[in-house]
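Top to bottom, those sequences are chains A and B. Under the numbering used here, the first residue of the first sequence carries the number 1, and numbering increases by one thereafter. Under the numbering used here, the first residue of the second sequence carries the number 243, and numbering increases by one thereafter. Report on the following structure.
2 protein chains.
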Amino acid sequence: MTSAPRPASPRAARTRGVPEATVARLPVYLRALSALADEGVSTVSSEELATAAGVNSAKLRKDLSYLGSYGTRGVGYDVGYLVYQVSRELGLSQDWPVIIVGLGHLGHALANYGGFVSRGFAIRALVDADPDLVGVEVAGLEVRPIGELEQLVARHGIAIGVIATPATVAQEVCDRLVSAGVSSILNFAPTVLAVPEEVEVRKVDLSIELQILAFHEQRKVGAAHVTRELVEALPGRAAVSS
Amino acid sequence: MTSAPRPASPRAARTRGVPEATVARLPVYLRALSALADEGVSTVSSEELATAAGVNSAKLRKDLSYLGSYGTRGVGYDVGYLVYQVSRELGLSQDWPVIIVGLGHLGHALANYGGFVSRGFAIRALVDADPDLVGVEVAGLEVRPIGELEQLVARHGIAIGVIATPATVAQEVCDRLVSAGVSSILNFAPTVLAVPEEVEVRKVDLSIELQILAFHEQRKVGAAHVTRELVEALPGRAAVSS
DNA sequence: TAGATTGTTAATCGATTAACAATC
DNA sequence: TAGATTGTTAATCGATTAACAATC
Numbered sequence: 001m002t003s004a005p006r007p008a009s010p011r012a013a014r015t016r017g018v019p020e021a022t023v024a025r026l027p028v029y030l031r032a033l034s035a036l037a038d039e040g041v042s043t044v045s046s047e048e049l050a051t052a053a054g055v056n057s058a059k060l061r062k063d064l065s066y067l068g069s070y071g072t073r074g075v076g077y078d079v080g081y082l083v084y085q086v087s088r089e090l091g092l093s094q095d096w097p098v099i100i101v102g103l104g105h106l107g108h109a110l111a112n113y114g115g116f117v118s119r120g121f122a123i124r125a126l127v128d129a130d131p132d133l134v135g136v137e138v139a140g141l142e143v144r145p146i147g148e149l150e151q152l153v154a155r156h157g158i159a160i161g162v163i164a165t166p167a168t169v170a171q172e173v174c175d176r177l178v179s180a181g182v183s184s185i186l187n188f189a190p191t192v193l194a195v196p197e198e199v200e201v202r203k204v205d206l207s208i209e210l211q212i213l214a215f216h217e218q219r220k221v222g223a224a225h226v227t228r229e230l231v232e233a234l235p236g237r238a239a240v241s242s
Numbered sequence: 243m244t245s246a247p248r249p250a251s252p253r254a255a256r257t258r259g260v261p262e263a264t265v266a267r268l269p270v271y272l273r274a275l276s277a278l279a280d281e282g283v284s285t286v287s288s289e290e291l292a293t294a295a296g297v298n299s300a301k302l303r304k305d306l307s308y309l310g311s312y313g314t315r316g317v318g319y320d321v322g323y324l325v326y327q328v329s330r331e332l333g334l335s336q337d338w339p340v341i342i343v344g345l346g347h348l349g350h351a352l353a354n355y356g357g358f359v360s361r362g363f364a365i366r367a368l369v370d371a372d373p374d375l376v377g378v379e380v381a382g383l384e385v386r387p388i389g390e391l392e393q394l395v396a397r398h399g400i401a402i403g404v405i406a407t408p409a410t411v412a413q414e415v416c417d418r419l420v421s422a423g424v425s426s427i428l429n430f431a432p433t434v435l436a437v438p439e440e441v442e443v444r445k446v447d448l449s450i451e452l453q454i455l456a457f458h459e460q461r462k463v464g465a466a467h468v469t470r471e472l473v474e475a476l477p478g479r480a481a482v483s484s
């Protein structure tokens, strides 16, 4: 590495990377934009779009500014154009081939989930270790034996794997997916997966989400208690304003 | 309890609040701790537990320090005691009654998901708008008509609602849950829900997770391109170290 | 030109991390 | 006491937000 051809400023910004927090919100913006497009809305202000997406407008504008300057001052954003730009940034211009491993209740639900198929993804293979499930048709696709995992990944050029197996076999499945060439994994099994650092793992953990809710719920329920305890701990104090 | 209502330092810390990022990791620690307990491990260092949970040890210690000082310097943490403390902090000492609205593929999967039931939660009611589903038994519970939502919430003292309906009706379902007294909602429908600020909503959005993966996948695929472009843009340069 | 709204700056806030004193 | 490991400090990093100059 020597002198370095310094790239132009906006390119540099993109190269330096869109912040993770922003990336996580782009799909939300995209959904809101698609809804607006379906309603026939052609122009939207950052204020309106932010409301639809459930964020504040400063955050929205900052997020969009990482992609480029796609708005018009005094006017707003062209809905169709922004749909295109956000889709492109997210890599949804092409269809990503997906494999689902594990066709239990959850895998079954995922295979049938419209949102997967609708935009940017195509489920190309379903595999399961249970012989009773092999051969069954789910969402128009035949469930194949887990032994075919590698060849299915290769044949369909699959880059994204969805793990919907029991936790006990998730790491093994993950290892096989990775060595077959899958480099992005969506994990529904309640386990921490170990992967090489170039592999991206996202985790969806239903019981974790519930436990986070329980924490907040407890706080609400507890609030009355705590207040009462504090009041009782104050000798000669009649009440505390709430 | 006499004069000094001034809470001791750790209590004060707890009152000031556990950071959200920490709360989100506590369930992960709890799972790792439970696994260790099942293996008969009685003591664990922050280094070991951090590895099991997939975080670094400094973060783990900082997180645990918000709950109190439950470790022993030079020794580590007692697994059983820490399970108890983390569970208590998360509000899992009691069982939270849960209602699931929408018994399609996903709702069905959720009702049967072991992780929900296992610790701290009890699914008490299932409702659906589809007359064909009403009366069907799912996970040992009879699906009731959506019209009974309010009375089921009241009867079972339900505080946590899971929305697994189509996006089109999610807001309406949410409104009904909230006015029935539910104050924590786990939303699987791909919509932004509007709720009063005292209501906590968590969102699980399968297609958003996939889209985030697509973004990173695109970067990897694109990386070769970008590198090549840069190299070609450098006259007289042979190669760039990767 | 006047009004509207973006894109960006800079201040603030919260989360992460390395390092190490405290202490078992 | 010596070795080990926690709990905490402080530095750093990244994300959020209000405010406003740029500009349509």
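Cβ coordinates follow ideal geometry from the N, Cα and C atoms, glycine included. Predicted, not measured: the structure shown is a model, and the values here were computed from it.
Environment of Pro261(B) [buried if 16+ CB atoms lie within 10 Å]: With fewer than 16 other Cβ atoms within 10 Å, it is exposed.
Which of helix, strand or coil DSSP assigns to Leu435(B): In this structure, Leu435(B) counts as coil in the three-state DSSP scheme.
Cβ pair Tyr29(A), Val79(A) closer than 8 Å: Not in contact: Tyr29(A) and Val79(A) (Cβ atoms no closer than 8 Å).
Rounded C-alpha distance that separates Val98(A) from Gly318(B): Pairing Val98(A) with Gly318(B), the inter-Cα distance amounts to about 43 Å.
Sub-8 Å separation of Ile365(B) and Leu383(B) beta-carbons: Going by C-beta atoms, Ile365(B) is nearer than 8 Å to Leu383(B).
Reduced DSSP secondary structure (H/G/I, E/B, other) of Gly357(B): In the three-state scheme derived from DSSP, where H, G and I count as helix and E and B as strand, Gly357(B) is classed as helix.
Three-pair Cβ contact test at 8 Å for the segment 148 to 158 of chain A versus the segment 442 to 461 of chain B: With the cut-off at 8 Å, the segment 148 to 158 of chain A and the segment 442 to 461 of chain B do not touch.
Run of the beta strand (DSSP E) containing Asp320(B), from where it starts to where it stops: That run of the beta strand (DSSP E) goes 318 to 320.
Inter-residue spacing [alpha-carbon to alpha-carbon] between Val55(A) and Val83(A): Looking at the backbone, the Cα of Val55(A) and that of Val83(A) are separated by about 18 Å.
Residues of its chain near Tyr66(A), where Cβ-Cβ distance is below 6 Å and the 5 sequence neighbours each way are ignored: The answer, listed in chain order, is Val18, Thr22.
Opening and closing residue of the alpha helix (DSSP H) in which Ser288(B) lies: Per DSSP, Ser288(B) belongs to the alpha helix (DSSP H) from 288 to 295.
Val335(B), DSSP secondary structure in three states: Sequence check: residue 335(B) is Ser here, not Val. In the structure shown, Ser335(B) sits in coil (DSSP, three-state: anything other than H, G, I, E or B).
Cutoff 8 Å: Ser183(A) Cβ touching any chain B Cβ: Ser183(A) counts as touching chain B.
Val378(B): first and last residue of the uninterrupted beta strand (DSSP E) it sits in: Per DSSP, Val378(B) belongs to no beta strand (DSSP E) and is neither H nor E.
Where the segment 199 to 225 of chain A meets chain B: residues whose CB sits under 7 Å from a CB there: Result list: Glu200, Arg202, Val204, Leu206, Ser207, Ile208, Glu209, Leu210, Gln211, Ile212, Leu213, Ala214, Phe215, His216, Glu217, Gln218, Lys220.
Short CB-CB distance (under 8 Å) between Thr168(A) and chain B: By the rule that beta-carbons nearer than 8 Å mark a contact, Thr168(A) does not touch chain B.
Any non-hydrogen atom of the ligand PLP within 7 Å of Gln413(B) CB: Of ligands this structure carries none, so the ligand PLP is not represented either.
Helix, strand or coil at Leu368(B) according to DSSP, with G and I counted as helix: Three-state result, Leu368(B): strand.
Residue range of the beta strand (DSSP E) that includes Val153(A): Premise fails: Val153(A) lies in the alpha helix (DSSP H), 149 to 156, not in any beta strand (DSSP E).
Opening and closing residue of the beta strand (DSSP E) in which Arg487(B) lies: The shown model of chain B, from 243 to 484, leaves out residue 487(B), and the question about it has no answer.
Euclidean distance between Cα positions of Ser284(B) and Tyr323(B): Going by the C-alpha atoms only, they are around 9 Å apart.
Endpoints, beta strand (DSSP E) assigned at Val201(A): 200 to 203 is the span of the beta strand (DSSP E), which, as asked, contains Val201(A).
Contact with chain B by Asn112(A), beta-carbon distance below 8 Å: Yes, Asn112(A) lies at the interface with chain B (some Cβ there is under 8 Å from its Cβ).
Interface partners of His347(B) on chain A, CB under 7 Å: By Cβ distance, chain A contributes His108, Ala109, Asn112.
Bounding residues of the alpha helix (DSSP H) (the contiguous stretch that carries Val248(A)): The question about residue 248(A) has no answer, for chain A in this structure spans 1 to 242.
Distance between Val420(B) and Glu137(A) (C-alpha atoms, nearest Å): Each residue's Cα considered, the two are about 39 Å apart.
Residues near Ile100(A) by beta carbon distance below 7 Å, same chain, minus five either side: Taken in chain order, the residues that qualify are Gly107, Leu110, Ala111, Ile123, Leu126, Val162, Ala164.
Identity of the residue in Phe430(B), Val463(B), Leu345(B) nearest Leu375(B) by Cα: Residue Leu345(B) is the option with its Cα nearest to Leu375(B).
Classification of Arg144(A) by the beta-carbon crowding that lies within 10 angstroms, buried from 16 upward: With a threshold of 16 other beta carbon atoms within 10 Å, Arg144(A) meets it and is buried.
Proximal chain A residues relative to Val283(B), where beta-carbon distance stays under 8 Å: What Val283(B) touches in chain A: nothing, since even the nearest Cβ is about 16 Å away.
Those residues which DSSP pairs with Val343(B) across a bridge: Under the DSSP definition of a beta bridge, Val343(B) partners with Val369(B), Ile405(B).
Minimum C-alpha distance to Ala24(A) - residue among Phe457(B), Arg461(B), Val463(B): With respect to the C-alpha of Ala24(A), the residue from Phe457(B), Arg461(B), Val463(B) having the closest C-alpha is Phe457(B).
Under 7 Å by beta carbon: chain B residues contacting Arg31(A): Within 7 Å Cβ-Cβ: Pro432.
Glu217(A) beta carbon less than 8 Å from that of Ser299(B): For Ser299(B) and Glu217(A), no; Cβs fall outside 8 Å.
Selection from Ala32(A), Tyr113(A), Glu172(A), Val44(A) that minimises the alpha carbon distance to Gly261(A): There is no way to answer for residue 261(A), as the model of chain A reaches only from 1 to 242.
Under the three-state DSSP convention, the category Phe363(B) falls into: For Phe363(B), the secondary structure class from DSSP, reduced to helix, strand or coil, is strand.
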